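According to this note's numbering, the residues represented by the sequence shown are 17 to 103, in order.
Quick reminder that beta carbons are idealized off the backbone N, C-alpha and C, glycines included.
Remember, it's a predicted structure, so these values are computed and weren't measured experimentally.
Right, one structure below, let's go through it.
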Amino acid sequence: MAHKKVVSRVLGKQFMKDIKVNSLTFLRDVGHFRDRFDQDVMEADVMPWLFQETAKFVSEMGSYSSYPDTLVGNYMMEKADVHKNQV
């Protein structure tokens, strides 16, 4: 009888040894413990600002990409006008 008690106590201790750490890790991984900085500052202030700045940058890149085409087109038109006036 004493042997069964010892064996059950050892098995119980081994089973319960990491349960607190594992349960806290699981709760953190599923998002139960949220970081207030992420929630209050990042999601409310930083992310909307970052999306706005990215949208501005992308729209500026679109206008900058057409700039070389405009320069080349203007150059070609000037040269065509010079050639037309000489001929």
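Among residues of its own chain, excluding the 5 on either side of residue i, which ones have a beta-carbon nearer than 7 Å to its beta-carbon?
i	result
R25	none
Which class does residue i belong to by DSSP, given the choice of helix, strand or coil?
i	result
R50	coil
V103	coil
With residue i as the anchor, note down where its alpha helix (DSSP H) starts and where it stops.
i	result
M32	18 to 32
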